[in-house]
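J.:
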Amino acid sequence: GENVEQHPSTLSVQEGDSAVIKCTYSDSASNYFPWYKQELGKGPQLIIDIRSNVGEKKDQRIAVTLNKTAKHFSLHITETQPEDSAVYFCAPGGQNFVFGPGTRLSVLP
Amino acid sequence: EAGVTQSPTHLIKTRGQQATLRCSPISGHTSVYWYQQALGLGLQFLLWYDEGEERNRGNFPPRFSGRQFPNYSSELNVNALELEDSALYLCASSFRQGYSNQPQHFGDGTRLSIL
Numbered sequence: 001g002e003n004v005e006q007h008p009s010t011l012s013v014q015e016g017d018s019a020v021i022k023c024t025y026s027d028s029a030s031n032y033f034p035w036y037k038q039e040l041g042k043g044p045q046l047i048i049d050i051r052s053n054v055g056e057k058k059d060q061r062i063a064v065t066l067n068k069t070a071k072h073f074s075l076h077i078t079e080t081q082p083e084d085s086a087v088y089f090c091a092p093g094g095q096n097f098v099f100g101p102g103t104r105l106s107v108l109p
Numbered sequence: 001e002a003g004v005t006q007s008p009t010h011l012i013k014t015r016g017q018q019a020t021l022r023c024s025p026i027s028g029h030t031s032v033y034w035y036q037q038a039l040g041l042g043l044q045f046l047l048w049y050d051e052g053e054e055r056n057r058g059n060f061p062p063r064f065s066g067r068q069f070p071n072y073s074s075e076l077n078v079n080a081l082e083l084e085d086s087a088l089y090l091c092a093s094s095f096r097q098g099y100s101n102q103p104q105h106f107g108d109g110t111r112l113s114i115l
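Just so you know, the protein sequences line up as chains A and B, in that order.
The opening residue of the first sequence carries number 1 in my numbering; numbering runs sequentially from there.
The opening residue of the second sequence carries number 1 in my numbering; numbering runs sequentially from there.
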């Protein structure tokens, strides 16, 4: 089955710094690459996604880059703020709906 | 626009009992998904329903089952509850999945505790 990994598993940054989380996957048929943010006590929320015909997508402070050849995609957060503290999940597309194990981001004021 | 709603918020059961969890999708969404999230862990896919049919199932025993109603709402049933079933159960909805996956929109979950 699909194998999805995320690195790092935990990440602490100072407020204002950048954060990068990488997701690697094994299913070469994946064609949809979303990132979800889960805050404490809440369900995951889609924050950005990209399709396989695009290499990069940006939405204000958040961006996603895709390397389909190497089978990985990354979440980039610039100018981090305390409210960015959460667990982030990748979920490379496929109809087995496999999520990565999550990355806990802590933004220190 | 109302989001995905789940009920109840919390549910406490004892071993061997049965639990029923409910989910109402976003208006216009026909697909509903169920996930299990054990404490501090990731999401494990349970079930996918679309247009009233079960489309795919994760690696869970048959005592996990569900259904989707004509109004696209859904129920998850867990029979013969075991201690390890204690988890947050998340429901998500989306427009119909085609060749390319659709974004999923999640509710805030039902916390199931087995005593």
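Built from N, CA and C at the ideal position, the CB exists for glycine as well.
Proline 103 of chain B touches chain A at which residues, Cβ-Cβ below 9 Å?
T.: Result: Tyr32, Pro34, Leu46 and Asp49.
J.: Quick check: the region 60-73 of chain B against the region 27-36 of chain B, are there 3 or more CB pairs under 8 Å?
T.: yes
J.: For valine 87 of chain A, which residues of its own chain have a beta-carbon under 6 Å away from its beta-carbon, when the five flanking residues on both sides are left out?
T.: So the qualifying residues of the chain are Gln38, Gly102 and Arg104.
J.: Excluding the five sequence neighbours on either side, which residues of its own chain have a C-beta within less than 7 Å of the C-beta of alanine 80 of chain B, listed in chain order?
T.: Gly16 and Arg63
J.: Within the continuous beta strand (DSSP E) that includes valine 78 of chain B, where are the two ends?
T.: 74-78
J.: Could you work out which residue in A:Val20, A:Glu15 and A:Pro92 is closest to proline 109 of chain A when comparing CA atoms only?
T.: Nearest C-alpha to proline 109 of chain A: A:Glu15.
J.: Specify the secondary structure class of aspartate 108 of chain B as computed by DSSP and reduced to three states.
T.: coil
J.: Taking just the CA atoms, how far does glycine 43 of chain A sit from arginine 51 of chain A?
T.: 23 Å
J.: Determine the contact status of glutamate 2 of chain A and glycine 100 of chain A, defining contact as a CB-CB distance below 8 Å.
T.: Against a cut-off of 8 Å, the Cβ pair of glycine 100 of chain A and glutamate 2 of chain A comes out as no contact.
J.: Please return the same chain residues whose Cβ sits closer than 7 Å to the Cβ of valine 107 of chain A, not counting the five positions on each side in sequence.
T.: Val13, Glu15, Thr80, Gln81, Pro82, Asp84 and Ser85
J.: List the residues of chain B whose Cβ lies closer than 9 Å to the Cβ of lysine 42 of chain A, in chain order.
T.: Result: Phe106, Asp108 and Gly109.
J.: Per DSSP, isoleucine 50 of chain A is paired with what?
T.: A:Phe33
J.: Using a Cβ-Cβ cut-off of 8 Å (strictly less than) and excluding sequence neighbours within five positions of asparagine 31 of chain A, which residues of its own chain qualify?
T.: Only Arg51, Ser52 and Gly93 meet the Cβ criterion.
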